[in-house]
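In our numbering, the protein residues as written are 146 to 536. Using N, Cα and C, we set each Cβ at its ideal position, and we do this for glycine too. Step one of this worksheet: look at the structure below.
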Amino acid sequence: MKTLNVGIIGCGNISGIYLQNIPAYRGLTLRACADVKPEIAQAQASRHGIEALSVDQLLAREDIDLVVNLTIPSAHFGVSLAALSAGKHVFSEKPLAVDFEQGRKLVDEAEARGLLLGCAPDTFLGAGGRLARQLVDDGAVGRILSGSAFLMSHGMEHWHPDPEFFFKPGGGPILDMAPYYLSTLVNLIGPVQRVFSMSGIGFPERIVTAESPKKGQRINVETPTNVMALLEFASGAQVTFCMSWDVWKHGHPAIELYGTEGSLRVPDPNFFGGHVEMTERGGDWQPKDSSDMPLGAPNWRSPNWAPEMPSRANYRALGLADLASAVINGTPHRSTGRLALHVLEIMHSILESAATGRAMPITTMLERPAVLSDQDAAVLWQGPPQTATAA
146 MKTLNVGIIG CGNISGIYLQ NIPAYRGLTL RACADVKPEI AQAQASRHGI EALSVDQLLA
206 REDIDLVVNL TIPSAHFGVS LAALSAGKHV FSEKPLAVDF EQGRKLVDEA EARGLLLGCA
266 PDTFLGAGGR LARQLVDDGA VGRILSGSAF LMSHGMEHWH PDPEFFFKPG GGPILDMAPY
326 YLSTLVNLIG PVQRVFSMSG IGFPERIVTA ESPKKGQRIN VETPTNVMAL LEFASGAQVT
386 FCMSWDVWKH GHPAIELYGT EGSLRVPDPN FFGGHVEMTE RGGDWQPKDS SDMPLGAPNW
446 RSPNWAPEMP SRANYRALGL ADLASAVING TPHRSTGRLA LHVLEIMHSI LESAATGRAM
506 PITTMLERPA VLSDQDAAVL WQGPPQTATA A
């Protein structure tokens, strides 16, 4: 076997970048897509020259080896379990599941069947994440003692065509955005062993302002949209962790880590490239650009930012290529279901700590993901980066 045949379930907003990037990775052949709305699947299939199927048809196809689950979070468990039960490897968008025990069941099911289960985010495998990992592993800032992580914006209703699920149970900035930050932190520091947090809802109602059929719709917010937490890692490091959709503007860097010999700024973990900044013992910040590294060059643009040129590195589907290489070549599997399960437990523990006022221990432990070398990253990407535009 030299390639895995890929079928996508869920053809919504996030599917475009996967459909564009998958053919550029070695070990992946894009075959088909499916959605509960057949017309949406057909539109994507026609755009990318693949078959449009029903979900049941796709799961029944013997020539589909890997199912990519891009459904809404509440459907992640059911779709992933059905795909595993059909004997397919699975890569799911984050979170692994809405419920922690459901996530555990998926991990156990995959292992029992000898299948690989992967999960987004895979951004920590991009050039920016790899550069930060190299600096940490080389001891450039010494032993990590503490840090901070901030995701702050005013939510999704101004750009997403159907944002209601973001503000319902299973959504919110923790389950939606924290996976990027937590996966990056675990990759750099190791597993989390305890959390303490508090939360609130700043705006009890949201109004959709994105140009879409939902424009003007009012959404009752039913999940915390502002969460402040303290993460204690097994290494002893402590990180202040703030996720909010109640902020119009702020000046915090995405992630800063403070070590015994210096400090490190890690680029936005929602993307694959960016600048890493480092300072030695209080010296000036020294930027280190990752754009010349494999999977670091800007290849994606947003009409709202810079319509004339790529502004971000967006190599989504890297985790699929990493999984395919593990199946075909026996290389390490990095963005695994076990990593996603650890992140899922952290997120639920943050929310439970906020609801109960108690510190919560984390029971799942794991080793940091294996390092992805620049050479191995370059091997995975086979085509020249094509500029993608945000959907």
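Check	Outcome
In whole angstroms, what separates the C-alpha of residue 499 from that of residue 172?	43 Å
Starting from residue 173, follow the beta strand (DSSP E) in both directions and report where the run begins and ends.	173-179
Where does residue 422 sit, in a helix, a strand or coil, going by DSSP?	strand
Quick check on this structure: which residue in 345, 162 and 286 has the alpha carbon closest to the alpha carbon of residue 427?	286
With a CB to CB cut of under 7 Å and the five nearest residues on each side skipped, what residues in its chain are close to residue 450?	The pLDDT assigned to residue 450 is 47, lower than 50, so where the model puts this residue is not dependable, and the model offers no usable value.
By the 10 Å Cβ neighbour count, where 16 or more other Cβ atoms means buried, how is residue 237 classified, buried or exposed?	buried
Applying the criterion that 16 or more other CB atoms from any shown protein chain within 10 Å of the CB defines a buried residue, is residue 276 buried or exposed?	buried
Can you tell me whether residue 444 is buried or exposed? The criterion is at least 16 other CB atoms within 10 Å of its CB, across all chains shown.	buried
Which residues in the same chain have their Cβ closer than 7 Å to the Cβ of residue 163, if we skip the five residues on either side of it in sequence?	153, 213, 215, 461 and 462
Quick one: what's got a C-beta closer than 6 Å to residue 469's C-beta in the same chain, skipping five residues either side?	149, 172 and 173
With DSSP collapsed to three states, give me the class of residue 242.	coil
Buried or exposed: residue 165, going by 16 or more other Cβ atoms within 10 Å of its Cβ?	buried
Measuring CB atoms only, is the stretch 410-425 touching the stretch 497-512, in the sense that at least three cross pairs come out at less than 8 Å?	no
Out of 458, 207, 160 and 505, which has the shortest C-alpha to C-alpha gap to residue 338?	505
How about residue 239 and residue 515: are their beta carbons less than 9 Å apart?	no
Report the residue from 249, 226 and 344 whose alpha carbon sits nearest the alpha carbon of residue 211.	226
Would you call the stretch 329-337 in contact with the stretch 370-379, where contact means no fewer than 3 C-beta pairs closer than 8 Å?	yes
Of the choices 147, 519, 260 and 290, whose alpha-carbon is the least far from that of residue 404?	290
Output the boundary residues of the beta strand (DSSP E) element that contains residue 286.	Unbroken run through residue 286: none, as it is neither H nor E.
Measure the alpha-carbon distance for residue 440 versus residue 526 and round it to whole angstroms.	8 Å
Which one of 234, 191 and 198 has the shortest CA to CA distance from residue 473?	234
Span of the alpha helix (DSSP H) holding residue 325?	317-334
Would you report the Cα separation of residue 350 and residue 306, rounded to the nearest angstrom?	17 Å
With H, G and I counted as helix, E and B as strand and the rest as coil, what does DSSP make of residue 407?	strand
Apart from the five residues on each side of it in sequence, which residues of its chain come closer than 7 Å, Cβ to Cβ, to residue 301?	308 and 311
Under the three-state reduction of DSSP, which class applies to residue 250: helix, strand or coil?	helix
Going by DSSP, what residue range makes up the beta strand (DSSP E) through residue 432?	431-434
Just to confirm my understanding: we take residue 511, look at its own chain, exclude 5 residues before and 5 after, and list those with CB closer than 7 Å. What are they?	336, 483, 484 and 487
For residue 298, which residues of its own chain have a beta-carbon under 7 Å away from its beta-carbon, when the five flanking residues on both sides are left out?	390 and 392
With a 10 Å radius around its C-beta and 16 neighbouring C-beta atoms as the bar for buried, classify residue 207 as buried or exposed.	exposed
Give the secondary structure of residue 297 by DSSP, where H, G and I count as helix, E and B as strand, and everything else as coil.	strand
Buried or exposed, going by whether 16 or more other CB atoms sit within 10 Å of the CB of residue 437?	exposed
Is residue 351 helix, strand or coil by DSSP?	strand
Considering only DSSP beta bridges, list what residue 374 is partnered with.	342 and 386
Counting along the chain, where does the beta strand (DSSP E) carrying residue 363 start and finish?	363-365
Does residue 366 pass the burial test, meaning 16 or more other C-beta atoms within 10 Å, or should it be called exposed?	buried
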